[in-house]
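Colleague: Can you keep this structure in mind? I'll have questions shortly.
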Amino acid sequence: MSMIRCTTLVSLAVLIVSSPATLRAETSTVDAIAEYHAMFGDENPAELWQLRGKNLWEQPRGPKNVALSKCDLGLGAGVIDGAYAQLPRWFDDTQRVQDLESRLVFCMVTLQGFAEERLLKTRFGDGPKKSELEALTAYLVAASRGHKVAVSLTHPAEQAAYDLGRGAFFYRAGPHDFACATCHGEAGKRIRLQVLPKLTEVEGARSAYTSWPAYRVSQGELRTMEWRLADCFRQQRLPQLKYGSEIAIGLTMFLAKNANGGVMTAPAIKR
Amino acid sequence: MADPMRIRAMLIGDLVEVKVLMAHDMETGQRKDVDGNTVPAHYIVSIGATCNGRTVLSAQWGPSIAKNPFLSFRFRHAKKGDKLTVTWTDTGGDTRTDEVAIG
Chain A
1 MSMIRCTTLV SLAVLIVSSP ATLRAETSTV DAIAEYHAMF GDENPAELWQ
51 LRGKNLWEQP RGPKNVALSK CDLGLGAGVI DGAYAQLPRW FDDTQRVQDL
101 ESRLVFCMVT LQGFAEERLL KTRFGDGPKK SELEALTAYL VAASRGHKVA
151 VSLTHPAEQA AYDLGRGAFF YRAGPHDFAC ATCHGEAGKR IRLQVLPKLT
201 EVEGARSAYT SWPAYRVSQG ELRTMEWRLA DCFRQQRLPQ LKYGSEIAIG
251 LTMFLAKNAN GGVMTAPAIK R
Chain B
1001 MADPMRIRAM LIGDLVEVKV LMAHDMETGQ RKDVDGNTVP AHYIVSIGAT
1051 CNGRTVLSAQ WGPSIAKNPF LSFRFRHAKK GDKLTVTWTD TGGDTRTDEV
1101 AIG
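Keeping their order, the protein sequence lines are chains A and B. Numbering follows the working numbering, in which position 252 of the first sequence is assigned residue number 252; successive positions increment by one, without gaps. Position in the second sequence counted from 1, then plus 1000, gives you the working numbering.
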């Protein structure tokens, strides 16, 4: 009855059978993971986050007891269709470039009266510790399914965010002297079984950017772009990436711009 | 309160194919948290589905079912528009019921 346990067994079986030839084993591993995804098909546990996020978006909440229908994600108050595909972008009211998650924090603080610290304490969920931001993100990203990524760099601040993100992407630092580009600047690299996309080129950037956020089967959680970047920083042994910081938004802008024109499929499902 | 389930029920030929996604942590009671304390067991113990009041599935579950369980099953003798109701109960006595019309 449990698909997750069944498919894990299937993947293992494939691994054992294909061990004699290394090259074949690598291909089979990738195939096995693809097969595992296919077994879930259009059934993605991310939908559980979307359902929760829909309620959080529509119901009056917070100290001010209002719904988020006045929250402007860039296409006008309450417009969610295709909004995520055009983020990050410049916002006149905050006088800064924001991604979806920092924009959500802004809306929940100003419109609903939530304390920012309270929201950020549960920015990433963990089992019973549920994240409202992750659920809302899942719901809003799903509203951009089928839309093409279309971020613009027309405002000087948007260009500045892109430049900052590009700079950070290639900046080597930390005890391992790592940059994002160390892993994501060449095609065909991988960490253990995970194929790493080359994020500096259209193809790799599109496949990666359009499939995040995603449900991570190994964690049983839905993970957002802010989480993805923060975890990349952790893997590089860099200082903790601040949620909604200029650098996080800059990197998102850099990746989104490289992925421009790709069709959004997120929330996706990943290993 | 428990989070909603995602239920799909489609009539294909004379079979209704049901797919249910449940939001549940399914803690086994075997894990330790960062402080070394055992995380108490908390999992779904029984699940049932009824179609227009007739039981079409009844199961007892244990701690070996994965987190956020996905359940798929098929049954006969139903038509489009019939109401399918799924209910689970967990070790904490918490319960959740959701209903969907067969499409």
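Don't be surprised by glycine CBs; every beta carbon is placed ideally from N, CA and C.
For Thr224 (chain A) and Gly167 (chain A), I'd like the C-alpha separation in whole angstroms.
Modeller: Thr224 (chain A) and Gly167 (chain A): Cα-Cα distance of roughly 22 Å.
Colleague: Leaving aside the five residues before and after Ala142 (chain A) along the sequence, list all residues of the same chain whose C-beta is less than 7 Å from its C-beta, in chain order.
Modeller: So the qualifying residues of the chain are Gln50, Pro267.
Colleague: Classify Pro197 (chain A): buried if its beta carbon has 16 or more other beta carbons within 10 angstroms, exposed otherwise.
Modeller: Buried: at least 16 other Cβ atoms inside 10 Å.
Colleague: Okay, do the region 128-135 of chain A and the region 71-79 of chain A touch, 3+ Cβ pairs below 8 Å being the bar?
Modeller: They do not touch, by the three-pair rule.
Colleague: So, using beta-carbon positions, are Leu1084 (chain B) and Ile1012 (chain B) closer together than 9 Å?
Modeller: No; because the gap between Cβ atoms is not below 9 Å, this pair is not in contact.
Colleague: Assuming Asp99 (chain A) and Ile249 (chain A) make a contact with CB atoms under 8 Å, what is their CB distance in whole Å?
Modeller: Contact holds; Cβ gap of about 5 Å.
Colleague: Go through its chain and collect everything with a Cβ distance to Asp1094 (chain B)'s Cβ below 6 Å, but skip five positions before and after it.
Modeller: Correct list, in chain order: Ala1002.
Colleague: In whole angstroms, what separates the C-alpha of Cys183 (chain A) from that of Gly204 (chain A)?
Modeller: Going from the Cα of Cys183 (chain A) to the Cα of Gly204 (chain A) covers about 12 Å.
Colleague: Below 9 Å between beta carbons: does that hold for Lys270 (chain A) and Val195 (chain A)?
Modeller: Not closer than 9 Å, so no.
Colleague: Going by C-alpha to C-alpha distance, which of B:Thr1091, B:Asp1082, B:Lys1032 sits closest to Val1016 (chain B)?
Modeller: Taking only the C-alpha atoms, the option nearest Val1016 (chain B) is B:Asp1082.
Colleague: Any idea if Leu23 (chain A) is buried or exposed, counting beta-carbon neighbours within 10 angstroms, 16 or more meaning buried?
Modeller: Its pLDDT being 48, under 50, Leu23 (chain A) is placed unreliably by the model, and the measurement read from it follows with that caveat. Classification for Leu23 (chain A): exposed.
Colleague: Interface residues of chain B around Gly204 (chain A) at Cβ under 8 Å?
Modeller: Chain B residues near Gly204 (chain A): none, gap ~29 Å exceeds 8 Å.
Colleague: Rounded to a whole number of angstroms, what is the C-alpha to C-alpha distance between Tyr209 (chain A) and Val151 (chain A)?
Modeller: Approximately 12 Å between the Cα atoms of the pair.
Colleague: When the Cα atoms are used, what is the spatial distance from Gln1030 (chain B) to Arg1076 (chain B)?
Modeller: Their Cα atoms are separated by approximately 39 Å.
Colleague: I'd like to know if the region 172-182 of chain A and the region 229-246 of chain A are in contact, where contact means that at least 3 CB-CB pairs between them fall below 8 Å.
Modeller: These segments touch.
Colleague: Should Asp1094 (chain B) be flagged as near chain A, meaning a C-beta pair shorter than 9 Å?
Modeller: No, because no Cβ of chain A sits closer than 9 Å to the Cβ of Asp1094 (chain B).
Colleague: Cutting at 6 Å between CB atoms, please list the residues of its own chain near His147 (chain A), excluding the five before and the five after it.
Modeller: Cβ within range, chain order: Gly82, Ala85, Met264.
Colleague: Report the start-end ranges of each beta strand (DSSP E) in the region 1029-1095 of chain B that is 3 residues or longer and not cut off at the edges.
Modeller: Those beta strand (DSSP E) runs which fall completely within the region 1029-1095 of chain B and span 3+ residues are 1044-1051, 1054-1060, 1070-1076, 1083-1090.
Colleague: What does Pro128 (chain A) reach in chain B if we use C-beta pairs closer than 7 Å?
Modeller: Ordered by position in chain B, the residues that pass the 7 Å Cβ test against Pro128 (chain A) are Asp1025.
Colleague: Cα separation between Thr137 (chain A) and Ala1066 (chain B)?
Modeller: The alpha-carbon atoms of Thr137 (chain A) and Ala1066 (chain B) are separated by roughly 24 Å.
Colleague: Could you give the DSSP three-state label for Glu43 (chain A): helix, strand or coil?
Modeller: Correct three-state label for Glu43 (chain A): coil.
Colleague: Can you list, in chain order, the residues of its chain whose CB lies under 6 Å from that of Gly53 (chain A), leaving out five sequence neighbours each side?
Modeller: Within the same chain, Gly53 (chain A) has close Cβ partners Ala135, Leu136, Ala138, Tyr139.
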